[in-house]
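Asker:
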Amino acid sequence: MKIKKIVALALVAAMSITVLAGCGTKTTNESGETAKEATVDMSNVTLINDGILTIGAEIGYPPFEDFADDGVTPIGYDIDLVNAIAEKMGVKAEFINTSFDGILAGIGVNYDAVASAITITDERKEEVLFSTPYISNYQAVVVPKGSDIKVSALTDLNGMSIALQKGTTSDAIMNDYKSTGTIDCTILATEQILQGYTQMSNGEVDVVVCDSVVAEGFVASSPDKYEIAFIDNGEPEEFGIAVGLENTPLQVAINEAMAQLEEEGYFEEAAAYWFGSGE
């Protein structure tokens, strides 16, 4: 997987100044040029800030969300996707960096939606509506390069110390194993997955458990430091964009934008760029 840090797509959206929200919306950039008309019906959609699709994201989860080398500009798969969706809506996208743990609670209050590698689960469906899935993912175990740790199932982590990100599917799965007595392990839940990799590099934990697409990214960027010991290729998890439970109009608009992007071949190009494959 390749993690390329460029800011072109993010900057295009950032330079847009909204003129009017709604179906047929047009935007102008800083030079006064008219942007593309919206291709999604926004007549029933109400946004927290007119003309702006505000998105909650935990920016520190590459390749989905990260900061460019300037430390300010958000980049990543989810960032590009939201910018593409916003363009279809004829609005500007803005991102609010927030902790992943409890991120759904801010929907409708601090931001319109969440795009932050959110796994669609039945439990979360009780809190929010999800868009059409856009990524299939699995759980992975990462170990230091050259480690003699052998893993053929997540239950093989019995007796080990595990770093993972708080509030994620990894957190739920491993804590369920621990609480039910399936395995006996020590779990260090971090605010950001980056901290977990640092802990493993420092010898504080044995392994990191996280999403496979994220694990592949870390290994690809630091092949001399990390390797994947196991990927659970069982039932795939799917990522979606989350909106408020009562906000069907926004869900419909996002799905329509994603359908148009699918028809245009956007997702194949995005996968090739961020993940180094068309899958």
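Going left to right, the sequence shown walks through residues 81 to 359 as the working numbering numbers them. The beta-carbon is built from N, C-alpha and C at its ideal position, and this holds for glycine as well.
Measuring alpha carbon to alpha carbon, tell me which of A269, S179, Y214, I321 ends up nearest S241.
Answerer: Locating residue 241 in the sequence shown gives position 161, counting from the first residue. Considering only alpha carbons, the answer is A269.
Asker: Mind reading off the beta-carbon distance from I321 to A193? Whole number of angstroms is fine, and I expect it under 8 Å.
Answerer: Position 241 of the sequence shown, counted from the start, is the residue given in the question as residue 321. Position 113 of the sequence shown, counted from the start, is the residue given in the question as residue 193. Yes, they are in contact, since the Cβ atoms of I321 and A193 sit about 6 Å apart, within 8 Å.
Asker: With DSSP as the reference, identify every bridge partner of E317, one or two as the case may be.
Answerer: Taking the first residue of the sequence shown as 1, we reach residue 317 at position 237. N217.
Asker: Quick one: residues in its chain with C-beta nearer than 6 Å to the C-beta of P143, no 5 flanking neighbours on either side, listed in chain order?
Answerer: What you label residue 143 is simply residue 63 of the sequence shown in a count that begins at 1. So the list reads I83, G156, Y157, G297, W354, once near-sequence residues are dropped.
Asker: Quick check on this structure: which residue in G247, D236, G324 has the alpha carbon closest to the alpha carbon of D286?
Answerer: Along the sequence shown, read from residue 1 onward, the residue named residue 286 stands at position 206. Residue D236 is the option with its Cα nearest to D286.
Asker: What do you reckon, are the CB atoms on L133 and E207 nearer than 9 Å?
Answerer: Numbered from 1 along the sequence shown, position 53 holds the residue referred to as residue 133. Numbered from 1 along the sequence shown, position 127 holds the residue referred to as residue 207. Result no, Cβ atoms of L133 and E207 do not sit closer than 9 Å.
Asker: Rounded C-beta distance between Y218 and N124? I'm assuming under 8 Å.
Answerer: Working through the sequence shown from its first residue, we reach residue 218 at position 138. Working through the sequence shown from its first residue, we reach residue 124 at position 44. Their Cβ separation, rounded to whole angstroms, is 37 Å, which puts Y218 and N124 out of contact at 8 Å.
Asker: What does DSSP give as the partner residues of K172 in its beta bridges?
Answerer: Position 92 of the sequence shown, counting from 1, holds the residue named residue 172. Looking at the DSSP assignment, K172 forms a beta bridge with I132.
Asker: So, are the CB atoms of G226 and E307 less than 9 Å apart?
Answerer: Indexing the sequence shown from 1 puts residue 226 at position 146. Indexing the sequence shown from 1 puts residue 307 at position 227. Contact flag set, yes.
Asker: Please report the distance separating the alpha-carbon of G104 from that of S211.
Answerer: Along the sequence shown, one-based indexing puts residue 104 at 24. Along the sequence shown, one-based indexing puts residue 211 at 131. Since pLDDT at G104 reaches only 35, below the 50 mark, its modelled position is unreliable, and the value read off the structure follows with that caveat. Those two C-alpha atoms are separated by around 22 Å.
Asker: Taking 8 Å as the threshold, find out whether the stretch 254 to 270 comes into contact with the stretch 328 to 336 through three or more Cβ pairs.
Answerer: Cβ pair count under 8 Å is below three, so no.
Asker: Tell me, to the nearest whole angstrom, how far the beta carbon of Q245 is from that of F180; I am working on the premise that it is less than 8 Å.
Answerer: Stepping through the sequence shown from its first residue, residue 245 is reached at position 165. Stepping through the sequence shown from its first residue, residue 180 is reached at position 100. Yes, they are in contact, since the Cβ atoms of Q245 and F180 sit about 6 Å apart, within 8 Å.
Asker: Under a three-way DSSP split, which group does T212 fall into?
Answerer: The sequence position of residue 212 within the sequence shown is 132, counting from 1. Coil.
Asker: Excluding the 5 residues flanking G102 on each side, which residues of the same chain have their C-beta closer than 6 Å to its C-beta?
Answerer: Start at 1 with the first residue of the sequence shown, and residue 102 comes out as number 22. Only weak support exists for where G102 lies, its pLDDT of 32 falling under 50; the value from the coordinates is given anyway. Closer than 6 Å at Cβ, skipping near neighbours: M122, S123.
Asker: Is it buried or exposed for G261, if we count other Cβ within 10 angstroms and need 16 for buried?
Answerer: Indexing the sequence shown from 1 puts residue 261 at position 181. Label assigned to G261: exposed.
Asker: According to DSSP, is A352 helix, strand or coil?
Answerer: As a first step, residue 352 must be located in the sequence shown, where it is residue number 272. In the structure shown, A352 sits in a helix (DSSP, three-state: H, G or I).
Asker: Cα-Cα, which of L234, K172, D146, V288 is closest to D264?
Answerer: By 1-based counting over the sequence shown, the position of residue 264 is 184. It is L234 whose Cα lies nearest to the Cα of D264.
Asker: Hey, would you say G182 sits closer than 9 Å to I128, going by beta carbons?
Answerer: The sequence position of residue 182 within the sequence shown is 102, counting from 1. The sequence position of residue 128 within the sequence shown is 48, counting from 1. In this structure, I128 does not lie closer than 9 Å to G182 by Cβ.
Asker: Can you tell me the Cα-Cα spacing of G136 and L184, whole angstroms?
Answerer: For the purposes of this step, residue 136 is taken as the residue at position 56 of the sequence shown. For the purposes of this step, residue 184 is taken as the residue at position 104 of the sequence shown. Between G136 and L184, the C-alpha separation is close to 8 Å.
Asker: Taking the alpha-carbon of I165 as reference, which of G345, Q340, P154 has the nearest alpha-carbon?
Answerer: Locating residue 165 in the sequence shown gives position 85, where the first residue counts as 1. Checked all of G345, Q340, P154; the closest Cα to I165 is Q340.
Asker: Drop a sphere of 10 angstroms on the beta-carbon of D202, count the other beta-carbons inside from all chains shown, and report buried for 16 or more, exposed for fewer.
Answerer: Position 122 of the sequence shown holds residue 202. So D202 counts as exposed.
Asker: Express the C-alpha separation of Y191 and I139 in angstroms, rounding to a whole number.
Answerer: Position 59 of the sequence shown, counting from 1, holds the residue named residue 139. Position 111 of the sequence shown, counting from 1, holds the residue named residue 191. Rounded to the nearest angstrom, the two C-alpha atoms are 15 Å apart.
Asker: How many angstroms separate the CA atom of K172 from the CA atom of A300?
Answerer: Your numbering for residue 172 matches position 92 in the sequence shown. Your numbering for residue 300 matches position 220 in the sequence shown. Going from the Cα of K172 to the Cα of A300 covers about 32 Å.
Asker: Which residues does DSSP pair with D312 in a beta bridge?
Answerer: In the sequence shown, counting from the first residue as 1, residue 312 sits at position 232. Looking at the DSSP assignment, D312 forms a beta bridge with Q219.
Asker: By alpha-carbon positions, which one of P303, E167, V288, F319 ends up nearest to G205?
Answerer: Start at 1 with the first residue of the sequence shown, and residue 205 comes out as number 125. Residue 205 is actually Lys in this sequence, not Gly. The option with the nearest alpha carbon to K205 is F319.
Asker: How would you label N177, buried or exposed, when you count the other beta carbons within 10 angstroms and need 16 or more for buried?
Answerer: Within the sequence shown, numbered from 1, the residue matching residue 177 stands at position 97. Label assigned to N177: exposed.
Asker: Starting from the C-beta of G186, find all residues in its chain whose C-beta is less than 8 Å away, skip the five residues before and the five after it, and write them out in chain order.
Answerer: For the purposes of this step, residue 186 is taken as residue 106 along the sequence shown, with counting starting at 1. Within the same chain, G186 has close Cβ partners G136, I176, T178, V194.
Asker: With the cut-off set at 9 Å, would you say D291 and A352 are in Cβ contact?
Answerer: Counting from one through the sequence shown, the residue named residue 291 turns up at place 211. Counting from one through the sequence shown, the residue named residue 352 turns up at place 272. Going by C-beta atoms, D291 is not nearer than 9 Å to A352.
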